[in-house]
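Residues 1 to 479 (our numbering) make up the sequence shown, in order. Think of the CB as a built atom: it goes at the ideal place given N, C-alpha and C, for glycine as much as any other residue. Keep in mind that this is a model prediction, so the values were computed, not measured. For reference, the structure discussed in these notes is given below.
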Amino acid sequence: MSTRRIGPASLNRLLGAWRAERTGPAYRQLADGLRLLILDGRLPLDVVLPGERELATVLEVSRTTVTAALARLRDDGFLERRQGAGARTRLPSGPGQRGQASLIAGTEAEGVIDLASAAPPASDSVHGAFAAALQALPAHLPHHGYAPLGLTELRVAIAERYTARGLPTSPDQVMVTNGAQHAFALMLRLLCGPGDRVVIDHPTYPHAIDAIQRASLRPAPVGLPDDGWDVEGVVAALRQSGPRAAYFIADFHNPTGRWMTPDARAAIAAAAERTRTTLILDETGIDLCLDGPVQPYGFSEPAGVVRLGSMGKSYWGGLRLGWIRADVPTIQALSTRRASIDMGTPLLEQLAAVHLLSDEDAALEARRNLLRARRAHLLGLVRSRLPEWRVTTPPGGLSLWAELPAPVSTMLTATSERFGLRLAAGPRFGVDGAFDRFLRLPYTLPPEDLTEAVERLVQAYGRLRPGQASMRAGMGAVV
Ligand SMILES: Cc1ncc(COP(=O)(O)O)c(C=O)c1O
1 MSTRRIGPAS
11 LNRLLGAWRA
21 ERTGPAYRQL
31 ADGLRLLILD
41 GRLPLDVVLP
51 GERELATVLE
61 VSRTTVTAAL
71 ARLRDDGFLE
81 RRQGAGARTR
91 LPSGPGQRGQ
101 ASLIAGTEAE
111 GVIDLASAAP
121 PASDSVHGAF
131 AAALQALPAH
141 LPHHGYAPLG
151 LTELRVAIAE
161 RYTARGLPTS
171 PDQVMVTNGA
181 QHAFALMLRL
191 LCGPGDRVVI
201 DHPTYPHAID
211 AIQRASLRPA
221 PVGLPDDGWD
231 VEGVVAALRQ
241 SGPRAAYFIA
251 DFHNPTGRWM
261 TPDARAAIAA
271 AAERTRTTLI
281 LDETGIDLCL
291 DGPVQPYGFS
301 EPAGVVRLGS
311 MGKSYWGGLR
321 LGWIRADVPT
331 IQALSTRRAS
341 IDMGTPLLEQ
351 LAAVHLLSDE
361 DAALEARRNL
371 LRARRAHLLG
381 LVRSRLPEWR
391 VTTPPGGLSL
401 WAELPAPVST
411 MLTATSERFG
421 LRLAAGPRFG
431 VDGAFDRFLR
441 LPYTLPPEDL
451 TEAVERLVQA
461 YGRLRPGQAS
471 MRAGMGAVV
């Protein structure tokens, strides 16, 4: 296996502003910054870091600082040094490692509040749906249980849902997947080859960026303006970068929560069609409209639009259930390719999903009521406790996209760990270190947890601030 290395300049860029005046010794801040990059995946595992001397030069710190930072990371299990080679990134394993379990995404540690994930708890209807699924299961047990396109009843239910919302769909236009992320990875595999470009919103869902980059594809980001989408910019990117695909989250965008107007959708879809780019719309958040009814599909769909759906945000991420809606040839092509990756989606979850989709209105309304209340709670907290931060009310989705007065998101995320708060730094939502002036704040936790999370955030943020005056100076760019 060839060794992957990261150059000193790239590492410096990834690290961004890692130093603050009042958060302890430089070596510890550097170790925190590097550890965060490893934990949130921006610095992949098994990558060899530059030598200490090179690092010290590019970071403009003493060699002793670098040595101490790397030693600390080694002690904590985030680096290993092989004989004659540089330090290599890894994740801690085993109970012997100090203080790391709480920091690994996806693990829970007592007392740590997780504001890094924007995922609500299971809807009340999920438990009953599994009970109903168990009852329906015996009828399926005489069969082998494999269905690469998904259980027919579920494909019918998904197709009917689209049809009811104004987009006539037949079940053979639907493939059930193990979540929307799986769906996106399958689509990329079908459409693209190494080096191809994929146009994306910027910021966007971090794992979509991961999926693009790990497939050796090149993201072509188009920045989101203050409001809505930069349709002209998207159209120009479609024309100029010769992409194979374009991926947008038009319905309650992650992380900003914004919603794309029908006119913008129509213009982008038409441009994608003109440039023969497959337009992939990620609709995982489509049910999370907090300020109005679910919008029907209002424009006539140009050929080739692919839609990704998920039960994850509407019902529960633990279902691991999503789908692809596309034209029939695309679904057939996916079906023949899928077996190289997996053999289908678990049956019990599909039966539960059929049950959930059979009676949606009350469950989705309860979901939206819960999120509405939590959105209001978090907005109130941020506005009162962090008045220098700019937040607007998103029309839907699961998070606020807070604009900070200075590019300190990475530093704040690293510092917050010490206060028992896990965050996802702004640059996680972009490419090349963008968005260090932003922080995603999900409102998916219960109000009391949100209150405590914001208190911890205030404390961590206070540790960053060199003083009100210089902070104000840093606010120049913020309107
Ligand atoms: C925009 C977006 N797409 C895809 C996913 C992944 O969805 P799933 O859990 O169905 O794989 C998420 C989950 O956070 C998301 O926010």
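- Remark: C-beta atoms of Leu-386 and Val-328 do not approach each other more closely than 8 Å.
- Within the same chain, and ignoring the five residues on either side of Ala-183 in sequence, the residues whose Cβ sits closer than 7 Å to its Cβ are Thr-177, Leu-308, Gly-322, Trp-323, Ile-324.
- Contact annotation: Leu-319 and Glu-349 have beta-carbon atoms nearer than 8 Å.
- In the DSSP assignment, Leu-308 falls outside any alpha helix (DSSP H) and within the unbroken beta strand (DSSP E) covering 306 to 310.
- Looking at the DSSP output, Ile-280 shares a beta bridge with Tyr-247, Val-306.
- With the rule of 3 Cβ pairs closer than 8 Å, the segment 373 to 388 does not count as touching the segment 239 to 251.
- Counting the other Cβ atoms within 10 Å of the Cβ of Gln-135 gives fewer than 16, which makes it exposed.
- Shortest gap from the CB of Ile-249 to any heavy atom of ligand 1: under 7 Å.
- Per the coordinates, the alpha-carbon of Ser-335 lies some 14 Å from the alpha-carbon of Thr-152.
- Following the DSSP letters along the chain, one finds His-202 inside the beta strand (DSSP E) bounded by residues 197 to 202.
- Per the DSSP secondary-structure output, Ser-384 pairs with nothing in a beta bridge.
- Residue pairing by DSSP places Trp-323 opposite Val-176, Gly-309 in a beta bridge.
- Following the DSSP letters along the chain, one finds Thr-275 in no alpha helix (DSSP H), marked with neither H nor E.
- For Asn-369, the Cβ stays outside the 7 Å cut-off from all heavy atoms of ligand 1.
- Per DSSP, reduced to three states, the secondary structure at Thr-89 is strand.
- Taking 7 Å as the cut-off, one finds at least one heavy atom of ligand 1 near enough to the beta carbon of Ala-118.
- Ranking Arg-72, Gly-193, Lys-313, Leu-421 by CA distance to the CA of Val-126 puts Lys-313 first.
- Here the alpha carbons of Ala-139 and Leu-412 stand approximately 54 Å from one another.
- Nearest in C-alpha terms to Ala-352, of all of Gly-86, Arg-72, Asp-124, is Asp-124.
- Shown here, Ser-399 sits in a strand according to DSSP, grouped into three states.
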